[in-house]
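Student: Let me begin by handing over the structure; questions about it come next.
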Amino acid sequence: MPIRTRRWNDRKLLGDGLRLLVCRYRPRGVRKAEETWDEWDPDLGPSRALHADAYGKNGPPISWEEYRERFLGEIAGQRGRIEELAARVRAGETITLLCSNSCVNDETCHRSLLRELIENAVGR
223 MPIRTRRWND RKLLGDGLRL LVCRYRPRGV RKAEETWDEW DPDLGPSRAL
273 HADAYGKNGP PISWEEYRER FLGEIAGQRG RIEELAARVR AGETITLLCS
323 NSCVNDETCH RSLLRELIEN AVGR
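So the sequence shown is numbered by my numbering: it starts at 223 and just counts up by one.
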């Protein structure tokens, strides 16, 4: 089954399967009854420091290359969780990784890196 990537505020589709929010921060102002995700795992999102650097809160925003390298270093500590998600995919479950509503380019979002890590783990 596939691993999809979308934004948390994208309308839920029939084939989304498990909708997993992988943001460090929970969306503000969203009540429990309005949540569009099934699970939230902030540890699969970038650290607070990386998030701040990506958005230029400590100076100019960092490049995608630096972001990618730092995120992959951070997420290495979550191998067990990545393997757990890979096992669910191997068992036939679809997983949709959700990120911020402001994250419009999938190619420069950590969810694409996370999807790749899970897909690689599925193949092991």
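Ideal Cβ positions, reconstructed from N, Cα and C, are used throughout, including at glycine.
1. Consult DSSP for residue 248 and reduce its assignment to one of helix, strand or coil.
2. What first and last residue would you give for the alpha helix (DSSP H) that runs through residue 294?
3. Helix, strand or coil: how does DSSP classify residue 241 here?
4. Tell me whether residue 335 sits in a helix, a strand or coil according to DSSP, three-state version.
5. Is the separation between the beta-carbon of residue 259 and that of residue 230 shorter than 8 Å?
6. From what residue to what residue does the alpha helix (DSSP H) around residue 272 run?
7. For residue 355, which of 241, 262, 237 has the nearest alpha-carbon?
8. Should residue 226 go down as buried or exposed, given a rule of 16 or more other Cβ atoms within 10 Å for buried?
Tutor: Considering the structure as presented:
1. Counting from one through the sequence shown, the residue named residue 248 turns up at place 26. Residue state, collapsed to three classes: coil.
2. In the sequence shown, counting from the first residue as 1, residue 294 sits at position 72. Where residue 294 is concerned, the enclosing alpha helix (DSSP H) stretches over 286–297.
3. Taking the sequence shown and counting its residues from 1, one reaches residue 241 at position 19. Looking at residue 241 - three-state DSSP - the assignment turns out to be strand.
4. For the purposes of this step, residue 335 is taken as the residue at position 113 of the sequence shown. If DSSP states are grouped into helix, strand and coil, residue 335 belongs with the helices.
5. The residue labelled residue 259 in the question sits at position 37 within the sequence shown. The residue labelled residue 230 in the question sits at position 8 within the sequence shown. Result yes, Cβ atoms of residue 259 and residue 230 sit closer than 8 Å.
6. Start at 1 with the first residue of the sequence shown, and residue 272 comes out as number 50. Here the alpha helix (DSSP H) through residue 272 covers 270–276.
7. Since the first residue shown for the chain is 223 and the last is 346, residue 355 is missing from the structure and cannot be characterised.
8. Taking the sequence shown and counting its residues from 1, the one referred to as residue 226 is at position 4. Residue 226 comes out buried.
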